[in-house]
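**Student:**
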Amino acid sequence: MTEPKLVLALPKGRVMEESLGALRRAGLTLVPPGSGRSMRYDAGDAVVIEMRNADVPTYVELGVADAGIVGKDVLLESGSRVYEPADLGFAACRLSLVRQRGATGTIERVATKYPRLASEYLRSIGSSAEVVKLTGNVELACLTGLADAVVDVVQTGETLAANGLEEVDVLLRSSARFVVNRAALKLRGDVLRPLIAALRQQPGAR
Numbered sequence: 486m487t488e489p490k491l492v493l494a495l496p497k498g499r500v501m502e503e504s505l506g507a508l509r510r511a512g513l514t515l516v517p518p519g520s521g522r523s524m525r526y527d528a529g530d531a532v533v534i535e536m537r538n539a540d541v542p543t544y545v546e547l548g549v550a551d552a553g554i555v556g557k558d559v560l561l562e563s564g565s566r567v568y569e570p571a572d573l574g575f576a577a578c579r580l581s582l583v584r585q586r587g588a589t590g591t592i593e594r595v596a597t598k599y600p601r602l603a604s605e606y607l608r609s610i611g612s613s614a615e616v617v618k619l620t621g622n623v624e625l626a627c628l629t630g631l632a633d634a635v636v637d638v639v640q641t642g643e644t645l646a647a648n649g650l651e652e653v654d655v656l657l658r659s660s661a662r663f664v665v666n667r668a669a670l671k672l673r674g675d676v677l678r679p680l681i682a683a684l685r686q687q688p689g690a691r
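One gets my numbering by counting positions in the sequence shown from 1 and adding 485 to each.
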């Protein structure tokens with residue numbers, strides 16, 4: 486009987502090509518979905534499910550996917566219990582506390598897409614600020630007075646500078662991680678362990 490193919494949960498958007506590239510360099514033969522807009526397709530050596538970055542940990546933890554690629558920031562925010570064997574090194578960014586340039590005074594309200602991480606950070610610095618979850622342009626909360634500060638992902642900092650905002654503190658540094666369902670690692674270890682080893686050997690990975 487032919488062994489079923491690995492099922493991979495991959496983030497759609499700009500990180501997708503880097504993810505496919507890393508997996509190909511690790512030895513998997515993967516082809517794009519073609520002209521259609523397939524969200525789940527046979528890519529050759531694996532079945533690929535294309536989804537929002539934030540959904541990858543859930544699909545992997547619940548076993549719908551054997552493995553996936555997701556940002557460390559999203560993985561921590563999800564609280565999912567998955568195995569995280571490789572830091573792939575790309576899609577690097579930082580999760581930061583941001584305020585209007587020169588702002589002073591107590592922070593009473595923080596807007597963010599990362600309420601879990603923001604709350605943990607605020608507790609760690611002894612702040613009782615209210616955390617408001619947003620899904621759109623978080624920086625807008627600072628500019629409109631909705632919040633005194635925001636916690637959001639920063640890459641170059643150019644958008645912040647252009648809008649009179651600045652980083653006050655860095656909560657964590659993030660990059661793309663290869664994550665694996667814990668049961669799949671035992672059941673499909675013959676495929677997953679060599680793949681993990683190959684991913685770890687790539688430039689920038691660890």
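Beta carbons are placed, not taken as given, at the ideal position from N, Cα and C, and that holds for glycine.
Scan the stretch 493 to 547 and note each continuous alpha helix (DSSP H) run of 4 residues or more that stays entirely inside, going in chain order.
**Tutor:** 499 to 510, 541 to 546
**Student:** Taking the C-alpha atoms as reference points, what is the distance between Y599 and S523?
**Tutor:** On the sequence shown, position 114 is the one that residue 599 refers to. On the sequence shown, position 38 is the one that residue 523 refers to. Rounded to the nearest whole angstrom, the C-alpha separation of Y599 and S523 is 29 angstroms.
**Student:** Rounded to whole angstroms, what's the CA-CA distance from A494 to D527? Just pull it up for me.
**Tutor:** Taking the first residue of the sequence shown as 1, we reach residue 494 at position 9. Taking the first residue of the sequence shown as 1, we reach residue 527 at position 42. Roughly 12 angstroms between the two C-alpha positions.
**Student:** If I'm right that L656 touches L573 with Cβ under 8 angstroms, what's the distance once you round it to whole angstroms?
**Tutor:** Translated into the one-based positions of the sequence shown, residue 656 becomes position 171. Translated into the one-based positions of the sequence shown, residue 573 becomes position 88. Incorrect: roughly 21 angstroms between the Cβ atoms, too far for contact.
**Student:** Looking at the unbroken alpha helix (DSSP H) that takes in E651, where does it start and where does it end?
**Tutor:** Taking the sequence shown and counting its residues from 1, the one referred to as residue 651 is at position 166. Element bounds for E651: not the alpha helix (DSSP H) but the beta strand (DSSP E), 650 to 659.
**Student:** Let me know the alpha helix (DSSP H) ranges lying completely inside the stretch 562 to 625, each 4 residues or longer, listed in chain order.
**Tutor:** 600 to 609
**Student:** Does D540 pass the burial test, meaning 16 or more other C-beta atoms within 10 Å, or should it be called exposed?
**Tutor:** On the sequence shown, position 55 is the one that residue 540 refers to. D540 comes out buried.
**Student:** Since V664 and P542 should fall inside the 8 angstroms C-beta cutoff, what is the C-beta to C-beta distance between them, to a whole number of angstroms?
**Tutor:** Numbered from 1 along the sequence shown, position 179 holds the residue referred to as residue 664. Numbered from 1 along the sequence shown, position 57 holds the residue referred to as residue 542. About 7 angstroms separates the two Cβ atoms, so the contact holds.
**Student:** Can you pull the DSSP bridge partners for R662?
**Tutor:** Along the sequence shown, read from residue 1 onward, the residue named residue 662 stands at position 177. According to DSSP, R662 bridges with V555, D572.
**Student:** Pairing CB atoms from the stretch 545 to 562 with CB atoms from the stretch 608 to 618, are three or more of them under 8 angstroms?
**Tutor:** no
**Student:** When DSSP builds the beta bridges, which residues end up paired with V433?
**Tutor:** Any question about residue 433 goes unanswered here, given that the chain covers just 486 to 691.
**Student:** Looking only at C-alpha atoms, which of P679, D637, A511, A550 sits nearest to V567?
**Tutor:** By 1-based counting over the sequence shown, the position of residue 567 is 82. If we check each option's Cα against that of V567, A550 comes out closest.
**Student:** Since V676 is in the alpha helix (DSSP H), which residue starts that stretch and which ends it?
**Tutor:** Reading the sequence shown from its first residue, position 191 is the one you call residue 676. Counting along the chain, the alpha helix (DSSP H) containing V676 begins and ends at 674 to 685.
**Student:** Please determine, among L547, L491, R658, V639, the residue with the shortest C-alpha to C-alpha distance to V532.
**Tutor:** For this step, residue 532 is matched to residue 47 along the sequence shown. Selected option, being the one with the closest Cα: L491.
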